[in-house]
Structures are given as C-alpha cells and as structure tokens.
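Below you'll find the structure, written out as structure tokens, and then a few comments.
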Amino acid sequence: MFLDIHGDIWTDVTIKRGLGRKNIIRNDHLERFKTGGMAGGIFVIWADPPNDKRPRERIVESIKSMSCELWESRDFLKVMLNTHDFYTAMKEDKLAVMLGLEGLSCIGEEVDDLYTLYQLGFRHATLTWNEQNDLATGVKGNQDRGLTRKGKEAVKIINDLGIMLDVSHANEKTFWDICNETDVPFMASHSNARILCDVPRNLTDNQIKAIGEKKGLIGMNSFNEFISFEPENMTVDFLINHLEHVVELIGIDCVALGFDFFDYLEGDTTNSFTSDAYKGTIGLENITKGNNMLVKLEERGFSKEDIEKISYKNFLGFMDRVLK
1 MFLDIHGDIW
11 TDVTIKRGLG
21 RKNIIRNDHL
31 ERFKTGGMAG
41 GIFVIWADPP
51 NDKRPRERIV
61 ESIKSMSCEL
71 WESRDFLKVM
81 LNTHDFYTAM
91 KEDKLAVMLG
101 LEGLSCIGEE
111 VDDLYTLYQL
121 GFRHATLTWN
131 EQNDLATGVK
141 GNQDRGLTRK
151 GKEAVKIIND
161 LGIMLDVSHA
171 NEKTFWDICN
181 ETDVPFMASH
191 SNARILCDVP
201 RNLTDNQIKA
211 IGEKKGLIGM
221 NSFNEFISFE
231 PENMTVDFLI
241 NHLEHVVELI
251 GIDCVALGFD
261 FFDYLEGDTT
271 NSFTSDAYKG
281 TIGLENITKG
291 NNMLVKLEER
301 GFSKEDIEKI
311 SYKNFLGFMD
321 RVLK
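Put into structure tokens, the structure is as follows:
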C-alpha cells in the first residue's frame, strides 16, 4: 500500500467529463489503482496546457468536474482533510484523497480566493506550475524573479489556513524566497535529486537540506527525464538512487512517493514540456506498477518500517505538522 502524493487525475476527469462521460475514476482508474497498490494520495487540479492561457476559467471547469466525480465516487472515495480521515478511509476500504492545486495562476492577485479554495476542501497548493505568474516564478520563468509581494501574502494565508505548501515547479529564487518567508514545514511533492539528474525541476543538495531543516517532505518523481539522461538508467532502481541520496542528506522521515504518472494527461499537454514520446520509467511505467517500487526498496535493504514510512507514514506525519 502507498500514497501517491502527486497525481493529475482531475485533469483526466475534466477532459473526459467535457466529452460527456461520467464515473471516470470508477471506470478507468479504480482497478488500476488497486492493481498497483495505491491507497490514495493528492489529486491535483491545474491549468493543463493549452488551458494555461485561460487558468481561471479552467479551474472553474475542473472544480465542477471534480465535484460531480466526488459525488459519484462517494462509495469508494473519501476526501482527506487530516490524518483521521486517512484511517477512516482505510477502515471503510475507500481511497483517501487530498484535493490539491498545482499552480495558482488561476487566482491572479486575488489572494483572498485562497479562503474560498480552503472552504472547498483544498489542503495542498503550489504557487506556480512552470510558468511565471502574479505570485511567483516557475522553472521556465525569469531566473532572477522569485516571490512577488502578492506571493508573500499568499504564503502567509496558506500557512495561516493550514494548507500544505509545495515548491515543486518553483524556480530557485522562488524556492529560497519561500524558505525565508516561512517557519512552517513545506514540501516538494514530485522532485528528485539534481546531483543525479541535472534538470531545473530537481532539487539541489542545499534545497534538499533546507527542506529537511524545516521538517518538510520530498516525494520521488517517476518521470523518466527527471531520473537520468541515460536511457539505460531510466529505471525504478535508479529512482531509488535518488531516494537514497535524499535519505543520506536529511533522513528517512522526509521522503515519500510523488510519482507524477502520465496516465492522466493528453498529448497536447505533455508535448508542452517534453519533446519525446513518453515511454515510462522501466519497472515503474504507470500506476499499476506502483508496488514494484516497494518490492525494489525491500531488495535494496530497506526495512519494513522504513518502507512503510516512505509509502505513507511520512506523508501522514507531514500532514500532522502542517494541517490545522
């Protein structure tokens, strides 16, 4: 069993419900989740390209689709607002799902919208996707630009409400601005170690240490281009090298799984940030192979207790440190 702390499932739901379909999770994903051993995680909404040009309209569409889907899925899915909800979901044999926001371009400078999003059940947010917006700067934005004045206001509101702040996709300036603005633990839900794969979406050793010092959390990303530049190393085993490196720097209690599988995305979306056809990471191609990560961790000598921490307990501990 594991929690995947980054999945773009609401994107798939929004696209398919827009075509007139219903019960997307039940019909297209539930058996795949069970096969892979996924017990839930963070399901995020984002302004998926080409809808990144109309982010406010897209979030409204996505929230409507998500809300309908949640109602249709109420017999097997429970929205998770705290760790108690996780254990309740497990007892009821339901998926434990946290509602997340990947990027806040949708609110512009209207930071008070965060109160509304909190009331709707969102307990996770990144300030940006790859873009530069009114709050902060993503990895494809100006490298010398970080948090804006409104971004600092947003960080304060997020912390006050008890929303988990996520720095995956933030550029380095934004990362360090956030680090300096908050004493609340924050996370990088789907980022690996840059020393092993030097791409802007991965974390430097100093960034990893800073997250550890804040008692934060880092989720390992299964996207092959964030694991290695060498095709022969785009494997689940090499992803564990990333995990081991993070553990060496900040300890076993600060790592989790944020797989970021492409199962839920359309070609128009993925083509905006990768030029190659996605083939998946060997041994971890999609959600049905999720348990393979746990098997490989055991083969590498991780104890049962450590594997439970990585697979779900560390995320629950992080929730307890952040959520109100």
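With the first letter of the sequence shown counted as 1, position 171 gets the number 171 in this note's numbering; the numbers rise by one all the way through.
Where is the CB? At the ideal position from N, CA and C, for every residue including glycine.
Name the two residues that bound the continuous beta strand (DSSP E) containing residue i.
{"i": "G18", "result": "Where G18 is concerned, there is no enclosing beta strand (DSSP E), although the alpha helix (DSSP H) it sits in stretches over 9–18."}
{"i": "T126", "result": "122–126"}
{"i": "I59", "result": "I59 -> not in any beta strand (DSSP E); alpha helix (DSSP H) instead, spanning 55–72."}
{"i": "D166", "result": "164–166"}
{"i": "V79", "result": "77–79"}
If you follow the alpha helix (DSSP H) that residue i is in, where does it begin and where does it stop?
{"i": "K309", "result": "Neither: K309 is in no alpha helix (DSSP H) and is coded neither H nor E."}
{"i": "E181", "result": "172–181"}
{"i": "K91", "result": "83–91"}
{"i": "L405", "result": "Since the first and last residues shown for the chain are 1 and 324, residue 405 lies out of range."}
{"i": "T116", "result": "113–119"}
{"i": "N206", "result": "205–213"}
{"i": "R300", "result": "Where R300 is concerned, there is no enclosing alpha helix (DSSP H), given that its DSSP letter is neither H nor E."}
May I have the straight-line CA-CA distance separating residue i from residue j, to the nearest angstrom?
{"i": "M187", "j": "E72", "result": "31 Å"}
{"i": "N130", "j": "V167", "result": "11 Å"}
{"i": "A136", "j": "H169", "result": "10 Å"}
{"i": "K22", "j": "G301", "result": "43 Å"}
{"i": "R56", "j": "E298", "result": "44 Å"}
{"i": "K150", "j": "I5", "result": "27 Å"}
{"i": "L196", "j": "E230", "result": "11 Å"}
{"i": "M90", "j": "R32", "result": "18 Å"}
{"i": "G216", "j": "L257", "result": "14 Å"}
{"i": "C106", "j": "V236", "result": "34 Å"}
{"i": "K152", "j": "E181", "result": "7 Å"}
{"i": "Q119", "j": "L81", "result": "11 Å"}
{"i": "N233", "j": "K296", "result": "15 Å"}
{"i": "K313", "j": "K94", "result": "17 Å"}
{"i": "S189", "j": "G146", "result": "19 Å"}
{"i": "C179", "j": "N159", "result": "12 Å"}
{"i": "K53", "j": "H29", "result": "28 Å"}
{"i": "S228", "j": "G20", "result": "39 Å"}
{"i": "A154", "j": "V111", "result": "6 Å"}
{"i": "N271", "j": "D263", "result": "Here N271 scores only 48 on pLDDT, less than 50, and its place in the model should not be relied on; the value that follows carries that caveat. Each residue's Cα considered, the two are about 14 Å apart."}
{"i": "I157", "j": "L114", "result": "7 Å"}
{"i": "E109", "j": "T116", "result": "14 Å"}
{"i": "K309", "j": "Q132", "result": "34 Å"}
{"i": "C254", "j": "V97", "result": "20 Å"}
{"i": "F315", "j": "L3", "result": "8 Å"}
{"i": "K214", "j": "G317", "result": "13 Å"}
{"i": "G219", "j": "E244", "result": "12 Å"}
{"i": "G40", "j": "V246", "result": "23 Å"}
{"i": "E92", "j": "M1", "result": "15 Å"}
{"i": "K324", "j": "S311", "result": "23 Å"}
Identify the residues that DSSP records as bridge partners of residue i: which are they?
{"i": "I24", "result": "Answer is none; I24 lacks a bridge partner."}
{"i": "M98", "result": "I42"}
{"i": "Q143", "result": "Looking at the DSSP assignment, Q143 forms no beta bridge with any residue, so it has no partner."}
{"i": "Q132", "result": "T137"}
{"i": "G219", "result": "A256"}
{"i": "F186", "result": "F186 is not bridged to any residue."}
{"i": "I282", "result": "T235"}
{"i": "L3", "result": "G40"}
{"i": "A193", "result": "L203"}
Leaving out five residues on either side along the sequence, give the residues of the same chain with a beta carbon under 8 Å from the beta carbon of residue i.
{"i": "V199", "result": "E225, F226"}
{"i": "T148", "result": "D134, L135, A136"}
{"i": "R26", "result": "E72, S73, F76"}
{"i": "G121", "result": "V79, L81, L99"}
{"i": "L249", "result": "D205, I208, K209, G212"}
{"i": "V16", "result": "Strictly speaking, residue 16 in this sequence is Lys, with Val absent from that position. Cβ within range, chain order: I24, D28."}
{"i": "G18", "result": "E61, S65"}
For residue i, collect the residues of the same chain with a Cβ closer than 6 Å to its Cβ; drop the 5 residues on either side in sequence, then sort them by chain order.
{"i": "G100", "result": "I42, V44, H124"}
{"i": "G103", "result": "W46, T126, T128, W129"}
Spatial neighbours of residue i within its chain, please: CB distance less than 7 Å, with the 5 preceding and 5 following residues excluded, ordered by chain position.
{"i": "V322", "result": "G162, M164, V184, P185"}
{"i": "S222", "result": "L239, F259, D260, F261, T281, L284"}
{"i": "D320", "result": "T83"}
{"i": "N51", "result": "R58"}
{"i": "T14", "result": "E61, S62, S65"}
{"i": "G251", "result": "G212"}
{"i": "N202", "result": "S191, N192, A193, R194, F226"}
{"i": "M293", "result": "V236, L257, L284"}
{"i": "N241", "result": "L196"}
query: Is the segment 195–209 in contact with the segment 297–307, if contact means three or more CB pairs nearer than 8 Å?
result: no
- prompt: Just checking, does the segment 284–292 make contact with the segment 29–42 on the three C-beta pairs under 8 Å criterion?
  reply: yes
- prompt: On the three-pair Cβ rule with 8 Å, is the segment 169–185 touching the segment 131–146?
  reply: yes
message: Closer than 8 Å is the cut-off here; do at least three beta carbon pairs connect the segment 3–15 with the segment 44–63?
response: yes
- prompt: Is the segment 82–89 touching the segment 55–71 in the sense that three or more CB pairs, one from each, lie closer than 8 Å?
  reply: no
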